[in-house]
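What follows is one structure encoded as structure tokens, with my remarks underneath.
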Amino acid sequence: AAAAADGGPGVVEMIAVDDHGKWLVRTPRLPFKRNGSGDVTAALFTGHYTETSDVKESLRRTASSVYDLLENTYEAESAELRLIQAQDVFAHPRMQFDAEEL
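In my numbering, the protein residues as written are 380 to 481.
Below, the structure written as structure tokens:
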């Protein structure tokens, strides 16, 4: 995930590319950072891609799952990512974010 250059300071963007296209998903930026969020993002994307073989769908699922994890962590004011508490959104993302083709 990378901070949006054109989306403003309140946005996080993730991009995924394969032989069929380039996809972008935007999520709100939460006002904090926790170590391990990039590792979780990579692991979830890999898991979703292994299951679906679809880059766009994997990106959508990953963005939704990671956002819910971070939102849960932020609201709990936890110093550590709340991985156990977020396990349901890893398996069943709410799908609140869509990916657009670039």
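Think of the CB as a built atom: it goes at the ideal place given N, C-alpha and C, for glycine as much as any other residue.
Use the C-beta contact count for Met439: other C-beta atoms within 10 angstroms, 16 or more gives buried, fewer gives exposed. The identity of residue 439 in the sequence shown is Arg, whereas the question assumes Met. Taking a 10 Å sphere around the C-beta of Arg439, we find 16 or more other C-beta atoms and assign the residue as buried.
Since Arg461 is in the beta strand (DSSP E), which residue starts that stretch and which ends it? Here Arg461 belongs to no beta strand (DSSP E), and DSSP marks it neither H nor E.
Considering only the beta carbon of each residue, do Gly415 and Leu460 sit closer than 7 Å? Against a cut-off of 7 Å, the Cβ pair of Leu460 and Gly415 comes out as a contact.
Give every residue of the same chain whose Cβ lies closer than 6 Å to the Cβ of Val394, excluding the five residues on either side of it in the sequence, and list them in chain order. With the sequence shown as reference, residue 394 is identified as Ile, and Val is not the correct amino acid for it. In the same chain as Ile394, and ignoring 5 residues on each side of it, the C-beta atoms closer than 6 Å to its own belong to Leu403, in chain order.
Residue span of the beta strand (DSSP E) that contains Arg405, given as start and end: Here the beta strand (DSSP E) through Arg405 covers Gly400 to Pro407.
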